[in-house]
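Shown next, in structure tokens, is the structure this report addresses.
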Amino acid sequence: MNTATTIEQGKTLRYEKVASFRGKLTASEINDALQHFVRKLQESGAQKAGPMISATHSVEIVNGEQMLDIEFLVAIDRVIELNSPYKFKDVFQLVNALYTRYVGDPNKIEDAYNELFTYILRHELQQITSVYNVNVNDDKIQYGESPFFDLYISINPNNI
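Counting with numbering that gives the first Met the number 0, you get residues 0 to 159 for the letters of the sequence shown.
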């Protein structure tokens, strides 16, 4: 990680009126799927009301190709009706989460994940969700700002 890592426990991530997309995609399909998701929201008249959130739930090899079970979520300004593979969630919430902020090259965010997983092992905690990446300044990256991400991963409260 490019900055000193501070990991905090007991955090909550919560957004209301959230549109989501989850699917199994190859790495080359992700960008198109994300663009289609954003277009779908724009066509509905909804406005983005929070940062883009993503999570990779699993990775598997299918016919020699890596498939990612990936999810994108974004808070929007109104309730809308969405059809599969999209969903509208009244509330998206992670509780009892570990939290850290990653600033730097998005291609090296794996280093931050490894630090979270090491923390979990060292403190004998039990992970109960995937890592959720909150792209805090996604609207400003096009203006030259370095991206930064808030990372959340929920922990079993019975292990604390």
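Here a beta-carbon is modelled for each residue, glycine too, at the ideal position from N, C-alpha and C.
Among the options, whose alpha-carbon lies nearest the alpha-carbon of residue i?
i: Asp138; options: Ile6, Ile52, Arg21, Thr25; result: Ile52
i: Lys23; options: Gln46, Glu70, Glu42, Pro50; result: Glu70
i: Val58; options: Ser129, Asp31, Ser43, Asp149; result: Ser129
i: Ile127; options: Leu120, Glu109, Asn136, Ser153; result: Ser153
i: Phe148; options: Gln125, Pro50, Val78, Val37; result: Pro50
i: Pro156; options: Ser145, Val135, Leu124; result: Leu124
i: Leu40; options: Ile60, Asn30, Ser19; result: Ser19
Suppose the cutoff is 6 Å on Cβ atoms and the five residues either side in sequence are ignored; what does the same chain contact list for residue i look like?
i: Tyr151; result: Leu12, Leu93, Ala96, Tyr98, Tyr131
i: Glu7; result: Tyr98
i: Ala48; result: Ala74, Ile75, Asp76
i: Thr55; result: Leu67, Ile69
Could you tell me if residue i is buried or exposed, where buried requires 16 or more neighbouring beta carbons within 10 angstroms of its beta carbon?
i: Val133; result: buried
i: Leu72; result: buried
i: Leu120; result: exposed
i: Thr2; result: Residue confidence for Thr2 is low, a pLDDT of 49 falling below 50, so the modelled location carries little weight; the figure read from the coordinates is stated next. Answer is exposed; the Cβ neighbour count stays below 16.
i: Gly44; result: exposed
i: Asn30; result: exposed
Cutting at 7 Å between CB atoms, please list the residues of its own chain near residue i, excluding the five before and the five after it.
i: Gly9; result: Asn95
i: Val197; result: A question about residue 197 goes unanswered here, because the residues of the chain that appear run from 0 up to 159.
i: Gln46; result: Ile75, Asp76
i: Leu33; result: Phe71
Residues in the same chain with beta-carbon distance under 8 Å from residue i, minus the five sequence neighbours each way, listed in chain order, please.
i: Thr5; result: Thr99, Arg100
Given 8 Å, three or more beta-carbon pairs between the stretch 8-15 and the stretch 89-107 | Cβ pair count under 8 Å is three or more, so yes.
Hey, is the stretch 98-115 in contact with the stretch 70-83, meaning 3+ C-beta pairs nearer than 8 Å?
-> Taking 8 Å as the limit for Cβ pairs, the verdict is that the stretch 70-83 does not touch the stretch 98-115.
Is the stretch 18-32 close to the stretch 49-68, with three or more CB pairs under 8 Å?
-> Yes, since at least three Cβ pairs between the stretch 18-32 and the stretch 49-68 fall closer than 8 Å, the two stretches touch.
Which full runs of the alpha helix (DSSP H) of 4+ residues lie inside the stretch 12-74, going along the chain?
-> Complete alpha helix (DSSP H) runs here, min 4: 26-43.
Along the chain, which unbroken stretches of the alpha helix (DSSP H) at least 4 residues long are found entirely within the stretch 81-159?
-> Those alpha helix (DSSP H) runs which fall completely within the stretch 81-159 and span 4+ residues are 109-121.
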